[in-house]
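K.L.:
My questions all concern the structure below.
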Amino acid sequence: MAMEIVPVRPDFVARVGGVDLVSATHGEVFARLRRALDDHCVLIFSGQPMNDRQQLAFSRWWGPMEPTKGVNPASGTPFARQSNLDVETGEIIAPDDRRMAYQRGNYRWHADSTFKRVPSLCSILTAREVPPEGGNTEFASTRAAHEALPDDLAAVIEDLIVEHDFSVSRGRVGFQFTPEEAAHYPPAWHPLVQTNPVTGRKSLLIGAHASRIVGWPVDRGEALLEDLLERATPTAAIYSHRWVKGDVVIWDNRSVLHRATAYDSARYRRLMQRTTISSPDSVNSDSYARIHALREAATAKQSGGVTR
Ligand SMILES: [Fe+2]
Numbered sequence: 000m001a002m003e004i005v006p007v008r009p010d011f012v013a014r015v016g017g018v019d020l021v022s023a024t025h026g027e028v029f030a031r032l033r034r035a036l037d038d039h040c041v042l043i044f045s046g047q048p049m050n051d052r053q054q055l056a057f058s059r060w061w062g063p064m065e066p067t068k069g070v071n072p073a074s075g076t077p078f079a080r081q082s083n084l085d086v087e088t089g090e091i092i093a094p095d096d097r098r099m100a101y102q103r104g105n106y107r108w109h110a111d112s113t114f115k116r117v118p119s120l121c122s123i124l125t126a127r128e129v130p131p132e133g134g135n136t137e138f139a140s141t142r143a144a145h146e147a148l149p150d151d152l153a154a155v156i157e158d159l160i161v162e163h164d165f166s167v168s169r170g171r172v173g174f175q176f177t178p179e180e181a182a183h184y185p186p187a188w189h190p191l192v193q194t195n196p197v198t199g200r201k202s203l204l205i206g207a208h209a210s211r212i213v214g215w216p217v218d219r220g221e222a223l224l225e226d227l228l229e230r231a232t233p234t235a236a237i238y239s240h241r242w243v244k245g246d247v248v249i250w251d252n253r254s255v256l257h258r259a260t261a262y263d264s265a266r267y268r269r270l271m272q273r274t275t276i277s278s279p280d281s282v283n284s285d286s287y288a289r290i291h292a293l294r295e296a297a298t299a300k301q302s303g304g305v306t307r
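For the sequence shown, numbering that gives the first Met the number 0 gives the first residue as 0, with consecutive numbering after it.
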């Protein structure tokens with residue numbers, strides 16, 4: 000079976016066929032898949048049903064998996080569960096339940112785990128149960144957005160640092176963490192402009208968790224982040240994925256945004272299992288070294304100039 004990678008759009012998204020992700024070996028296919036992610040940013044596989052064990056085995060190819068913490072019902076496992084089904088009983092959860100309110104944050108454009116100090120390389124989402132209508136996942140390319148920026152704006156943002164804060168993003172949709180939950184998620188700093196180390200192509204690390212530009216007045220930073228988000232997500236730039244049971248979709252969290260769309264969660268069952276691959280090497284880059292130095296200086300200033 001020869002693997003085939005067919006672009007869906009010229010700027011991002013490809014369908015991958017001619018490979019069985021469960022029976023293929025890492026040595027046979029992984030180098031091409033990894034390069035395809037760098038080139039196309041979203042990879043779609045159809046007819047590849049996976050159970051949890053198979054998804055874990057496939058996910059390990061891509062790098063270390065993030066453990067899921069805090070509020071997600073799969074907390075304590077490597078899975079982030081996107082579902083309206085009770086993890087214990089399998090029954091549909093009432094729409095006004097706190098667990099469903101938490102998931103409504105996913106309706107805003109975001110990249111996964113940008114609020115963590117070590118960012119994510121990619122997410123792998125497998126469709127286990129899908130509603131007959133609604134529940135698409137939409138994607139937009141921040142690489143294409145960066146490439147379309149006017150030169151003067153690209154120059155302004157080139158070296159900016161963006162703070163991502165999970166408490167702020169969930170707060171914007173009316174969900175409040177308890178102090179214990181919030182303690183899991185201190186704000187994280189990242190280069191606003193990301194550079195793919197393989198392709199050299201730049202992208203923007205923006206979306207719902209992006210709360211401010213470090214060193215800028217809050218209003219000005221919010222206006223910039225909103226402007227960049229608008230540039231990245233016009234209707235014509237969106238790929239909307241209609242899920243079919245057995246689909247596997249992998250996306251690059253450094254270069255695409257995604258969002259969930261609504262479905263009738265009181266009526267239809269939906270179960271998606273996500274694994275999230277961490278990118279520990281990325282924080283060893285020069286741009287992160289600058290961030291570490293700035294954070295240390297900020298911490299020292301806060302503690303009255305006394306460094307420990
Ligand atoms: Fe997400």
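All residues carry an ideal CB built from backbone N, CA and C; glycine is no exception.
Within its chain, find whatever has a CB closer than 6 Å to the CB of Val86; leave out the 5 residues flanking it on each side and keep chain order.
P.N.:
As a first step, residue 86 must be located in the sequence shown, where it is residue number 87. Pro72, listed in sequence order.
K.L.:
What do you reckon, is the C-beta of Asp111 under 6 Å from a heavy atom of ligand 1?
P.N.:
Residue 111 sits at position 112 when you count from the first residue of the sequence shown. Yes, the beta carbon of Asp111 sits closer than 6 Å to at least one heavy atom of ligand 1.
K.L.:
Would you mind sorting Val305 into buried or exposed? The rule is 16 or more other CB atoms within 10 Å of its CB.
P.N.:
Sequence index remark: in the sequence shown, residue 305 carries index 306 (1-based). Summary for Val305: the model assigns pLDDT 48, below 50, so the residue's position carries little reliability; its value from the coordinates is reported in the next sentence. So Val305 ends up on the exposed side.
K.L.:
Tell me, to the nearest whole angstrom, how far the beta carbon of Val161 is from that of Ala207; I am working on the premise that it is less than 8 Å.
P.N.:
For the purposes of this step, residue 161 is taken as residue 162 along the sequence shown, with counting starting at 1. For the purposes of this step, residue 207 is taken as residue 208 along the sequence shown, with counting starting at 1. Not quite, the Cβ-Cβ distance comes to about 12 Å (not below 8 Å), so this is no contact.
K.L.:
Would you tell me roughly how many angstroms separate the C-alpha atoms of Ser74 and Lys68, rounded to the nearest one?
P.N.:
Here the question's residue 74 lines up with position 75 in the sequence shown. Here the question's residue 68 lines up with position 69 in the sequence shown. Cα to Cα, the separation comes out at about 5 Å.
K.L.:
Three or more C-beta pairs under 8 Å: does that hold for the stretch 250 to 266 against the stretch 87 to 104?
P.N.:
Verdict: yes, contact present.
K.L.:
Within this structure, are the beta carbons of Ala296 and Asn105 separated by less than 7 Å?
P.N.:
Stepping through the sequence shown from its first residue, residue 296 is reached at position 297. Stepping through the sequence shown from its first residue, residue 105 is reached at position 106. No, Cβ-Cβ distance for Ala296 and Asn105 is not below 7 Å.
K.L.:
By Cβ distance, which residues of its chain are closer than 6 Å to Pro309, with the 5 residues on each side in sequence left out?
P.N.:
Here the chain comprises residues numbered 0 to 307, so residue 309 is not present and cannot be evaluated.
K.L.:
Cβ of Thr125 within 7 Å of Cβ of Gln54?
P.N.:
Here residue 125 corresponds to residue number 126 of the sequence shown, with the count starting at 1. Here residue 54 corresponds to residue number 55 of the sequence shown, with the count starting at 1. Against a cut-off of 7 Å, the Cβ pair of Gln54 and Thr125 comes out as a contact.
K.L.:
Whole angstroms are fine: how far does the CA of Thr141 sit from the CA of Glu157?
P.N.:
Start at 1 with the first residue of the sequence shown, and residue 157 comes out as number 158. Start at 1 with the first residue of the sequence shown, and residue 141 comes out as number 142. Their backbone Cα atoms lie some 14 Å apart in a straight line.
K.L.:
Cα-Cα, which of Arg97, Ala154, Arg241 is closest to Val129?
P.N.:
For the purposes of this step, residue 129 is taken as residue 130 along the sequence shown, with counting starting at 1. Checked all of Arg97, Ala154, Arg241; the closest Cα to Val129 is Arg241.
K.L.:
Measuring CB to CB, does Leu256 end up less than 7 Å from Ala79?
P.N.:
Stepping through the sequence shown from its first residue, residue 256 is reached at position 257. Stepping through the sequence shown from its first residue, residue 79 is reached at position 80. Taking 7 Å as the Cβ cut-off, Leu256 and Ala79 do not qualify as a contacting pair.
K.L.:
Can you grab the Cα-Cα spacing for the pair Asn252 / Ile123, in whole Å?
P.N.:
Residue numbering aside, residue 252 sits at position 253 when the sequence shown is read from its first letter. Residue numbering aside, residue 123 sits at position 124 when the sequence shown is read from its first letter. One C-alpha to the other measures close to 10 Å.
K.L.:
Hey, is the stretch 269 to 279 in contact with the stretch 56 to 67, meaning 3+ C-beta pairs nearer than 8 Å?
P.N.:
Touching, yes, given that three or more Cβ pairs across the two stretches are closer than 8 Å.
K.L.:
Figure out for me which residue from Val247, Val21, Leu120 has the closest Cα to the Cα of Ser278.
P.N.:
Locating residue 278 in the sequence shown gives position 279, counting from the first residue. Taking only the C-alpha atoms, the option nearest Ser278 is Leu120.
K.L.:
Below 8 Å, can you find three or more Cβ-Cβ pairs linking the stretch 36 to 43 to the stretch 7 to 15?
P.N.:
With the cut-off at 8 Å, the stretch 36 to 43 and the stretch 7 to 15 touch.
K.L.:
Which first and last residues belong to the alpha helix (DSSP H) in which Pro279 is found?
P.N.:
Counted from its first residue, the sequence shown places residue 279 at position 280. Element bounds for Pro279: n/a, residue is neither H nor E.
K.L.:
Give me the DSSP bridge partner(s) of Leu203.
P.N.:
Numbered from its first residue, the sequence shown carries residue 203 at position 204. Beta-bridge pairing links Leu203 to Val192.
K.L.:
Judging by CA-CA distance, which residue of Glu146, Lys115, Arg268, Ser284 is the nearest neighbour of Thr88?
P.N.:
Here residue 88 corresponds to residue number 89 of the sequence shown, with the count starting at 1. For Thr88, the nearest C-alpha among the options comes from Arg268.
K.L.:
Let me know if His163 comes out buried or exposed under the rule of 16 or more other beta-carbons within 10 Å of its beta-carbon.
P.N.:
Stepping through the sequence shown from its first residue, residue 163 is reached at position 164. With 16 or more Cβ atoms within 10 Å of its Cβ, His163 is classed as buried.
K.L.:
If you draw a straight line from the C-alpha of Ala100 to the C-alpha of Gly46, how long is it?
P.N.:
Within the sequence shown, residue 100 is the residue found at index 101, counting from 1. Within the sequence shown, residue 46 is the residue found at index 47, counting from 1. Straight-line Cα distance between these residues: approximately 31 Å.
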